[in-house]
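Working notes for the structure below.
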């Protein structure tokens, strides 16, 4: 996925007719929509949803500032370039996502 | 504010570009008169002379030198084959007028980008959390929205438009119709080859105008 996103970013940079501020936002296929948010430090947040979801850039930004920064960056035991092992991060993120207006328990 | 379709690309089964049409106005161009020495730091990147430092007066980092004293440059060389950077470093040539803007894509770059999108389209369907997904149908950025329609025979029609432009889906179907009427039914056209049919181009341009008008009406209400 990283290679795909990197290629899309480079593609968008070349194709854009005017200068952009945010760049690549999302793409969708017939079955899902991939939302993308990149921080100034190069951290990439990706969320896959179904097609009914609109622009969730502010939600991804919230995930970064209230969950990632609080529980991973500020955690002296978490090394930033390694996979996140923090259980607290996992549970906080899980409950946040479950609380999102467009989240619904999947049938079956 | 004019809402436009920026460009149309038609890609064959193998990912090769068979048709391309651009329609965007050069909104980011800035032309200014300069005296020696230049405040901007220029460097050669991708065979073009681009601004690498010294952003000012609407000229941003990444903008390329498009013309010098009204003469369009050809990559990093002027029309008389002199090196642009050398020319700009010679105080004798000043004062001169330079036009900067977002770099224009060369035909080669468009070919590469079309193939690149062809692959990205396929990976999009493989990354799907749900089975049976199509490839990328819409790709959204804050400055443009790319729409792609793949036919049953593997041809892709790609349209880049303003993110707020409506009616692109029907435009894509219309382009498919024009393709089958004026390219496929043309006995001199070979499948998968570059499209060089006048009637195809003419009808495509008419369809683009119709779509732009229809899209604008839809959103100003």
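Residue numbers (our numbering), protein chains in the order written: chain A, 353 to 460; chain B, 821 to 1041.
The beta carbon of each residue, even a glycine, is placed where N, CA and C say it ideally should be.
None of the values given here were measured: they were computed from a predicted structure.
For residue 414/A, the enclosing alpha helix (DSSP H) begins and ends at 409 to 414. Using a CB distance below 8 angstroms, no part of the region 405 to 432 of chain A faces chain B. For residue 914/B, same chain residues with a beta-carbon under 8 angstroms away, outside a window of 5 residues either side, are 854, 855, 856 in chain order. DSSP places residue 433/A outside both helix and strand once states are collapsed to three, so it counts as coil. Residue 866/B counts as exposed, since fewer than 16 other beta carbons sit within 10 angstroms of its beta carbon. Under DSSP, the beta-bridge partners assigned to residue 981/B are 825/B, 965/B.
Contact annotation, residue 933/B with residue 356/A: C-beta distance approximately 15 angstroms; criterion of less than 8 angstroms not satisfied. Residue 842/B is bridged by DSSP to 827/B. Chain-ordered listing is empty here: chain B has no CB closer than 8 angstroms to the CB of residue 396/A, the nearest sitting near 14 angstroms.
Of the residues assessed, residue 982/B falls on the buried side of the cut-off, its CB having 16 or more other CB atoms within 10 angstroms. Between residue 397/A and residue 384/A, the CB-CB gap reaches or exceeds 8 angstroms.
In this structure, residue 975/B and residue 843/B do not form a Cβ contact; the two beta carbons are roughly 21 angstroms apart against a cut-off of 8 angstroms.
Within the same chain, 360, 361, 364, 388 come within 6 angstroms of residue 376/A by CB-CB distance, once the 5 residues on both sides are set aside. At least one CB of chain B lies nearer than 8 angstroms to the CB of residue 373/A.
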